[in-house]
Amino acid sequence: MAYNILALILLALFILALPADATLYKTSGFLFALLVIVQISAAVSALLTLKGQGAEFSGLQQLSAYVRSGKMPGYLDESRRGRLQRSGFYQYMRHPLYTFSMIILIASPIMTANLAFITILAGIYFYTGSFFEERGLVKRFGIDFEQYRAEVPRFLPNISAIIKK
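All residue numbers for the sequence shown refer to my numbering, where the first residue is 65 and numbers rise by one.
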């Protein structure tokens, strides 16, 4: 949880420190409405992905465990903690939260230089972070995750696989 709080504080400070902004493009009318609908759809999809996992994802579950027991919960050493998620959006892509977050950023109906810069940095962060995250998932789930990784794309779903289902 401390990592999440620190990341949010640093992101806020970074955004506040950005120089004066220039508008790269500004949509209107139908295209504006369409992009907002895409953003809302991606946000709802991200929330659906988190359904039942919000407390763990935000770090609140770990904080609660710390308050109750007085010690930090273990992670990779708890092989029985949780299970490999393969349902919902996870059956189509391994990192749906990263994908939906990028869709929200890219589908902005008003793009500024600062937002474009943040979008690029977020893309690099998500891409790089997915490797570290998956390394931990291999340690935690072993061959099950290796098989899942061989079957399901990292970020962009395989459209033909979706149509077949």
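Glycine included, every Cβ here is placed at the ideal spot set by N, Cα and C.
- Per DSSP, the beta-bridge partners of M175 are Y89.
- If the five residues before and after H159 are omitted, its C-beta is found closer than 8 Å to the C-beta atoms of F190, S194, E197, R218 and F219, all from its own chain and listed in chain order.
- Annotated three-state conformation of S151 is coil, per DSSP.
- Boundaries of the alpha helix (DSSP H) around M166: P160 to I170.
- As the crow flies, the alpha-carbon of I168 is around 10 Å from that of A110.
- With a contact defined as Cβ atoms closer than 8 Å, G152 and L112 qualify at about 7 Å.
- When the alpha-carbon of F78 is set against those of M166, I170, L88 and L185, the nearest one is in L185.
- With contacts defined by Cβ atoms closer than 9 Å, Y162 and V216 do not form a contacting pair.
- Ranked by how close their Cα comes to the Cα of A86, the residues E210, K203, T183 and M175 have M175 in first place.
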